[in-house]
Amino acid sequence: MNNASVTGETRVNAAAHSQNFSSVSSLKDGGWVVAWTSKGQDGSQEGIYQQRYSAKGIAVGEEVRVNTSTLNAQTEPSVTDLADSGWVVTWIGQDGQSTGIFQQRYNEHGLKVGPEIRVNTTIAGSQEFPAVTALARGGWLVIWASDTPDGSSSGVYQQRYGANGHPVGSETQVNSSPSDSNSRSSVTALSDGGWVVTWTVYSQDHSEADIYQQRYDADGWTIGDETKVNTISEKIQALPTVTGLKDGGWVVTWSSYTGDDSGLSVRQQLYAASGQKVGGETQINTTTALEQYDSSVTALPDGGWLATWTSSPSSDGPADIYQQRYAADGQKVGGENRVNTTVSADQSLASVTTLEDGGWVVTWNSYDQEGDNYDIYQQRYTADGRQVGPTTPTGLSLNGDAFDEGTSSASAMIQLHAKAFVTERGFIYTLLDDAGGRFALSPSGTLTVKDGIRLDYEQARSHQVLVEVKDALGAVYRTWLTIKVSDVASENVSGGMLKGDFGKDAFKGGSGDDKLWGGWGNDILAGDAGRDIFVFDTKPNTKANRDKIVDFKVKDDSIWLDNAVFTKLGKKGTEDKPAQLSKSFFTIGSKAKDKNDYLVYDNKKGVLSYDADGSGKGKAVEIASLSKNLKMTDKDFFVI
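To convert, note that position 294 of the sequence shown is 327 in my numbering; the numbers rise steadily by one, no gaps.
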C-alpha cells in the first residue's frame, strides 16, 4: 500500500451540513459536475445539490439545489453527461405512494431543461438506488431497484429516454427470473449504442449473493440471457459497478466477502466486445488487511480503466479511498495508491469519472474532517496519473526554442513558463539534464547557454534537456524539451576554443591563438593564423575517428595528446601544464622502428599514427592526416 502524502484534494460542498452519496460526471467542455445529498439544507430532510467545475477546475457559480420538491427526503443522486453538452441527475424522491425515482435535465449552460419528472411508472412499493448513463446514439437510460407488484421480491427496472428527453417505450424489468434484487445496480453504455446492466441477486435468506448482468443492443433488445459475472459463489458478492471500454467490451467490479481470506475484497471481471469473458475474475486491491469494498470504475481513453474503493485495513483506524489503474490488456499500471490527502478522517463511497483531457476526478465522503459532519471531497488527476491541485504544474511553454551555434551565455536566453489549471505562479525550475553541460536554468525559469563552444550546428542540430517544475505544495512536473541549434554562416573565432562531440565537425579558428577539439568523428580542423593547439582526447579509429588538420604550422602549432587515451606516452602532463613528448617516442617514416616509437609521422603520406607497442606485432592506428613533408619533431607534441 502506498501511503505517500498527496496534495490537491478540495472540498466540494460550501454549506456546513451533512453531505453524502456523491456522484461525479465529466462534461463535454472538459469540466465536470458533482451531485450529492445534503441533509437539512433545503428546509426539509434531505435534498440533492450539485456543483459544476470548468476544465481548469474552477467552480462555475455556486452549488445549487437540483430537486424542486422538498417534501421529505431526496437522496442518492446519480449524474451523467449528455451528447448536447448538458447533463441529467437522477435521485430517490417521493412519488405519492412511497419512494420513487426522479430526474432533472440541464443544458450546457447549467440551466434546467423542463421540470423534474418522475421516471418510474409503477408507484406501488419502493423504488430505490437509481443509476443513469448516457447512450452512444443519444439519449440516456435510467435503472433502479423496485418492489415487484405482489411485494414478494424486488427487481431491477429500466427506462430509456431519447435525445429530446421523451421516454422511449415504457419501463421494463431487467432481471428475467424472480429474485430478491433490492440493492444497488449499475449501468454503462457501450460503443455500439447498446448497454449493460449489472445487479446483485440474493438468496432467500440473504446468506449468499451473486452478481448478474444483462446486455442490450442499441434498439433495447436483450442480447442473450442474463448471466452470472462472478466465478467464486461462496458467501456474498454485491455492489457491482460497470463501465464500457474503448474496444467495445466492458469491465464489472464488485465487493466480495470471499477472495482474499481476510474480509471484504474488491474484484473484477473483464469482457470482450463479443460478450465473452477475458480471463477469470481477479482481485483489484493489493492490501488485504480487514476490508476493501464499495468500488467505482471508469474507462480511460487508452483502452484501460481505473477502479476506486474504500480501504479499511485497521479495526481502530480511519478508512481511506484507494485507486488502481489498468491497461487495456488488463495488466495493472503501477500499484494501488491512496487518493485522499487527509488520513485522520473516515473516507468512503467514492465515485470516479474520466475527463475530456484523459485525466479523471474522484469524489468521496469524508467524516469529521472539518467538524462532526460528512463533507464531499474531490481529487483531480492528469492523464498520466499525477494529482492536480490549483497550482499543480501541468505543462511548459517557451518564448523560443533555439540558440545560435557558438553563442555565449550572456548573449541569448529562453524563458520557460509553467502552465497550471488555476494559479500560474510561484514555480521553482530545475535542470535535471543539461545536455552534457551545454545549458543552465535559473530557478525562475530562464534557460541560458552554459558552454557555447559545445553548440555546433554541423555536429548536432538539436539537444534535449530535462526540466523539473515544482509548485509551493511540492507537486512536480517533469518533461524533456528540445532546444534547436541555429546555423551561423561564419564560425571563425579569434582566440577561441572550439569543441566537437559526436559526428563530423568542421572548425576554423581565427587570427588569434585557438584551441580545437575534434572530439569523436572524422573532423576537419583549421587553426588559421596564430599559435594553435589541436587536442586529441578520444580513442582513435582509422575509419571512424580520424581528423584532418588542414594547416598545421610546425613553427607555431602543436598537438596535445590525452594520456588517458594514449597511455604509452606517460602520465606526467595535464591540460593546465602539458608535458613535452619524450624524444624517443616519436619517429618519422612509414612505421615504428623500435618498441617505443609510439608516434609515427609518415611524411610521404602526411599521416600521423599511434602505435601502442612500437615495432611489435600490433597495428598502428591513424590519428590524423596532415600536409606531407612537414619538418615535424617531438617538440610539436605535448602530453596532457
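Even for Gly, the Cβ is constructed at its ideal location relative to N, Cα and C.
Please read all numbers here as calculations on a predicted model, not as lab measurements.
Residue 95: buried (16+ other C-beta within 10 angstroms of its C-beta) or exposed? The residue is exposed, with fewer than 16 neighbouring Cβ atoms inside 10 Å.
So who's on the other strand from residue 393, going by DSSP bridges? Checking the DSSP bridge columns, you'll see residue 393 partnered with 387, 414.
What separation, rounded to the nearest whole angstrom, lies between the Cα atoms of residue 663 and residue 650? Residue 663 and residue 650: Cα-Cα distance of roughly 27 Å.
Who does residue 446 pair with in a DSSP beta bridge? In the DSSP assignment, the residues bridged to residue 446 are 481.
Given this structure, state the Cα-to-Cα distance separating residue 482 from residue 413, to the nearest angstrom. Rounded to the nearest whole angstrom, the C-alpha separation of residue 482 and residue 413 is 37 Å.
So which of 118, 89, 123, 116 has the shortest CA-CA distance to residue 83? Ranking 118, 89, 123, 116 by CA distance to the CA of residue 83 puts 123 first.
Sort 668, 322, 634, 648 by Cα distance to residue 656 and report the nearest one. The shortest C-alpha separation from residue 656 is found at 634.
Taking C-alpha atoms, which residue in 493, 309, 553 lies nearest to residue 575? Of the candidates 493, 309, 553, 553 places its Cα closest to the Cα of residue 575.
DSSP beta-bridge partners of residue 496: Residue 496 pairs with 516.
State yes or no: is the C-beta of residue 579 nearer than 6 Å to some heavy atom of the ligand ZN? The model on display carries no ligand, and the ligand ZN is accordingly not part of it.
Under 7 Å between C-beta atoms of residue 381 and residue 343: Yes.
Chain-order list of residues whose beta-carbon lies under 8 Å from that of residue 153 (same chain, five-residue window excluded): The residues are 128, 133, 134, 160, 177, 179, 190, 192, 204.
With distance defined between alpha-carbon atoms, name the residue in 210, 280, 297 nearest to residue 316. Nearest Cα to residue 316 within the set 210, 280, 297: 297.
Suppose contacts are defined by Cβ-Cβ distances below 7 Å. Is residue 234 in contact with residue 243 by that definition? By the CB criterion at 7 Å, residue 234 and residue 243 fall inside the cutoff.
Does DSSP classify residue 600 as helix, strand or coil? Helix, per DSSP.
Please report how far the alpha carbon of residue 38 lies from the alpha carbon of residue 449, in whole angstroms. Low confidence applies here, because residue 38 scores a pLDDT of 29, under 50, leaving its location unreliable; read the following figure in that light. Each residue's alpha carbon lies about 28 Å from the other.
Rounded C-beta distance between residue 379 and residue 400? I'm assuming under 8 Å. Cβ-Cβ separation between residue 379 and residue 400: approximately 4 Å, consistent with a contact (criterion under 8 Å).
When the Cα of residue 223 is compared with those of 209, 284, 85, 199, which residue comes out closest? Comparing alpha carbon positions, the residue from 209, 284, 85, 199 closest to residue 223 is 284.
What does residue 572 pair with, by DSSP beta-bridge criteria? Looking at the DSSP output, residue 572 sits in no beta bridge, so it has no partner there.
Please state whether the Cβ-Cβ distance between residue 346 and residue 383 is less than 7 Å. A distance of 7 Å or more separates the beta carbons of residue 346 and residue 383.
Opening and closing residue of the beta strand (DSSP E) in which residue 530 lies: Where residue 530 is concerned, the enclosing beta strand (DSSP E) starts and stops at 530–532.
Can you tell me the Cα-Cα spacing of residue 103 and residue 79, whole angstroms? Cα to Cα, residue 103 sits roughly 8 Å from residue 79.
Assign residue 527 to one of two classes, buried (16 or more other C-beta atoms within 10 Å of its C-beta) or exposed (fewer than that). Here residue 527 scores only 43 on pLDDT, less than 50, and its place in the model should not be relied on; the value that follows carries that caveat. Looking at its Cβ environment, which holds fewer than 16 other Cβ atoms inside 10 Å, residue 527 is exposed.
When we look at the beta-carbon of residue 666 and count the other beta-carbons within 10 Å, is it buried (16 or more) or exposed? With fewer than 16 Cβ atoms within 10 Å of its Cβ, residue 666 is classed as exposed.
Quick one: measure Cβ to Cβ for residue 595 and residue 569, integer angstroms, because I've assumed they're closer than 8 Å. Residue 595 to residue 569, Cβ: 7 Å. Contact.
From this set, 272, 49, 90, which residue's C-alpha is nearest residue 415's C-alpha? Relative to the Cα of residue 415, the nearest Cα in the group 272, 49, 90 belongs to 90.
Check whether the Cβ atoms of residue 426 and residue 359 lie closer than 7 Å to each other. Cβ atoms of residue 426 and residue 359: not closer than 7 Å.
Under three-state DSSP, which class holds residue 661? Of the three classes helix, strand and coil, the one that applies to residue 661 here is coil, per DSSP.
Tell me, which residues are paired with residue 593 by DSSP? Bridge partners of residue 593: 568, 671.
Close beta carbons around residue 640, own chain, < 7 Å, minus the five adjacent residues each side: Counting only Cβ-Cβ distances below 7 Å, and skipping sequence neighbours, we find 655, 658.
Residue 220 to residue 64, Cα distance in whole Å? Distance between the alpha carbons of residue 220 and residue 64: 22 Å.
When 314, 372, 362, 518 are compared against residue 8, the one with the closest alpha-carbon: The displayed coordinates of the chain run from 34 to 673. Any statement about residue 8 would go beyond what the structure contains.
Of the choices 59, 41, 106, 280, whose alpha-carbon is the least far from that of residue 336? Cα-wise, what sits closest to residue 336 is 280.
Just list the residues that DSSP pairs residue 248 with in beta bridges. According to the DSSP secondary-structure assignment, residue 248 is paired through a beta bridge with 229, 256.
Check this for me: beta carbons of residue 66 and residue 85, under 7 Å apart or not? Residue 85 is positioned such that its CB atom lies closer than 7 Å to that of residue 66.
Would residue 517 and residue 495 qualify as a contact pair, given that the criterion is a beta-carbon distance under 7 Å? Closer than 7 Å, so yes.
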